[in-house]
Every structure is written in C-alpha cells, then in structure tokens.
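A short worksheet on the structure shown next.
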Amino acid sequence: MKYEHIILEIHNKIAFIKFNRPEQLNAMNALMMDEIIHALDFVNKADSQEIGVVVITGAGKAFMAGADIKEYAQQTEAQFDAFQLKGHSLYAGIENNSKVVIAAINGYAFGGGFEIALACDMIVASAGAKMGLPEILLNLIPGGGGSLRLTKKIGINLTNEIVMTGRTIVAEEMHARGVINYIYPRENFIEKATEFAQTFAAQLPDRLQAIKQLTQEAANGITPALQAKEAAALGNFYRSKEGQEKIQAFYNKSLEKK
Numbered sequence: 010m011k012y013e014h015i016i017l018e019i020h021n022k023i024a025f026i027k028f029n030r031p032e033q034l035n036a037m038n039a040l041m042m043d044e045i046i047h048a049l050d051f052v053n054k055a056d057s058q059e060i061g062v063v064v065i066t067g068a069g070k071a072f073m074a075g076a077d078i079k080e081y082a083q084q085t086e087a088q089f090d091a092f093q094l095k096g097h098s099l100y101a102g103i104e105n106n107s108k109v110v111i112a113a114i115n116g117y118a119f120g121g122g123f124e125i126a127l128a129c130d131m132i133v134a135s136a137g138a139k140m141g142l143p144e145i146l147l148n149l150i151p152g153g154g155g156s157l158r159l160t161k162k163i164g165i166n167l168t169n170e171i172v173m174t175g176r177t178i179v180a181e182e183m184h185a186r187g188v189i190n191y192i193y194p195r196e197n198f199i200e201k202a203t204e205f206a207q208t209f210a211a212q213l214p215d216r217l218q219a220i221k222q223l224t225q226e227a228a229n230g231i232t233p234a235l236q237a238k239e240a241a242a243l244g245n246f247y248r249s250k251e252g253q254e255k256i257q258a259f260y261n262k263s264l265e266k267k
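First residue of the sequence shown? That's 10 in the numbering used here, and the numbers climb one at a time after it.
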C-alpha cells in the first residue's frame, strides 16, 4: 500500500512508522488513521525474523498534535462516531501487536498523539518535548482511552488534574512519573531511540510477546465496556452546543491564519 500521510521503513528488524504531515504538526485525519492501522496490521503479521520491534515517531517538530480539528469541525455526527470507533482499532493495533511497540516522542504529542504514545509498550522522548490531553479546552474529553491509560500509569489524582485542566506536560515530568523510559537530546534523538529499540530487536520474540501479555494483564483495567462508556461521553460532548462552539471557533481561527 502506498501511504500519503505516513512513512513505513524497515531497518535491521526495526519497523519505523513515521507520521508525515509536518505542516499540520502531524494532526491525524481519517486517511492518516487508516494508514496507521494498515501499517500496524502489516508489522503485526510480519515474520518476527524480519520485524521484531516497531518505533512510532513523527516528521518535523511534532510527534502528533492530535486529531485534525479542521476535519473534526466539518464531520457529520455519523462521521465523528465512525472516526472515534476506528480510533479504538488503532490503539488496539498497538496494544495487541505481536511486536514490541515503542513511541519515540520527538516533539509535540497532544490529544490522540499522546494517546497513541500511552498505548505503546514503552516511550522515549526528546528533551523538552511537550504533551498532554487538552480536550477539555474544546469542552470535550479524551476519547481514545487517554484518561484510562494515563490513570493506569500515574494514578487517579494526577490524571484528574492533567485531564481536567488540559495543561501541557513536559517530558521530564512524565519521566519522573515513570511514564517515559528515557529522555534523549534533540540533536541525536532518533539515533538514540533506534539504539534503544535495537536492545529488544536482539531478544527472542516469543519471550518478548509473553512479557508484553503478562505486564498488560498485570495492569489490566481497561475493558471494552469502559472504553464504550468513555466514547459515549465524548460523543455527547461533541454534539453539545458548547463543544461545537469551541471546535468551530478553533476552525475559524485556523482559517484566519492562512
């Protein structure tokens, strides 16, 4: 499959999935989501001797700035619901992948971008990288499991504060909280992230798969019912007058900048 908004490359048993809409800070539209899901399915089915580890990163100065609000603002309610439902397939494609999946946060990671990182098995980030779940600022809530996965990783109290304020978090804080494994300098970030990935590419894949399944079960707390509840709440807020006002205002402001 020829991709328009992502790049898939394989080097030394490591598959690199790079978000490639740098002018839009790699904001995810429907086509990009389809391409990410396709790439994740491809690496999942690939021979473990060919691909052992997946590194997800972004082109330019962003990992992913979240969902494409310009597209959000023009979606019908049915399109919005379909986009959210497909998003669950994306996150499941990471968590249930047969390969070790590492998020390499090279820059901004907000909303759906941070949710993708939280679904990964491990995270590395460039120094000073900024991230967060700012949906509350659009009178919405995270819909891709962000508040659920973040709770598993850092606890209820801090998650409530982060999600309820929509504040920006720096990589160093998430590293201190144990969410990010390592922070690397910006100037050689991808090289260091690749070195980290090679550590796992050298291991026996069936051992890695067993560990991945066991650690996920040990931290299990996300169920389809809980995700459905979260998605239903987001759908209600999206349809609300307050939600639409913020989304349209954001969209109109983006047009003024052109």
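Backbone N, C-alpha and C fix where the C-beta goes; we use that ideal spot for every residue, glycine too.
With a threshold of 16 other beta carbon atoms within 10 Å, L217 meets it and is buried. The continuous beta strand (DSSP E) containing V110 extends over residues V109 to I114. With a cutoff of 8 Å on beta-carbon distance, N166 and F246 are scored as not near each other.
In terms of Cβ geometry, V188 and I132 form a close pair [threshold 8 Å]. Residue pairing by DSSP places V62 opposite I23 and V109 in a beta bridge.
With respect to the C-alpha of A82, the residue from K255, K266 and E265 having the closest C-alpha is K255. Here the C-alpha atom of L40 lies approximately 12 Å from the C-alpha atom of N29. For M37, the three-state secondary structure derived from DSSP is strand. In this structure, the alpha-carbon of F51 lies about 12 Å from that of E18.
The C-beta distance from M10 to M37 rounds to 17 Å, too long to fall under 8 Å, and the pair is not in contact.
Counting C-beta pairs with one atom in each stretch, the region 99 to 111 and the region 135 to 152 have fewer than three that are closer than 8 Å, which means they do not touch.
The C-beta distance from I45 to L99 rounds to 6 Å, short enough to meet the 8 Å contact threshold. In terms of CA proximity to G96, G120 leads the group A112, G120 and I114. Using a Cβ-Cβ distance cut-off of 8 Å, the region 146 to 163 and the region 199 to 219 are not in contact, since fewer than three pairs of beta carbons, one from each stretch, lie closer than that value.
Contact between G75 and G122 holds: their C-beta atoms lie close to 5 Å from each other, under 8 Å. Around I78, the same chain offers A36, L147, I256, F259, Y260 and S263 as residues with beta carbons nearer than 8 Å, after the five sequence neighbours per side are excluded.
Residue environment: L127 is assigned as buried (16 or more neighbouring CB atoms within 10 Å of its CB, all protein chains considered). A Cβ-Cβ separation of about 4 Å places K22 in contact with A210 under the 8 Å criterion. Taking all protein chains in view, the Cβ of S249 is surrounded by fewer than 16 other Cβ atoms within 10 Å, so the residue is classified as exposed.
Sequence-distant Cβ neighbours of A68 in its own chain, meaning closer than 7 Å and more than five residues away, are K27, F28, N29, P31 and N35. Close CB contacts of T168 within its chain, under the 7 Å cut and outside five residues either way in sequence, are with S156, L159 and T160 (chain order). F89 and L213 have their alpha carbons spaced roughly 41 Å apart.
Leaving aside the five residues that flank N190 on each side, the residues in its chain whose CB is nearer than 7 Å to its CB run, in chain order, M131, I132 and V133. Membership of S98 in the alpha helix (DSSP H) is indicated by the continuous run E86 to E104. Here E18 carries a strand assignment [DSSP, helix/strand/coil].
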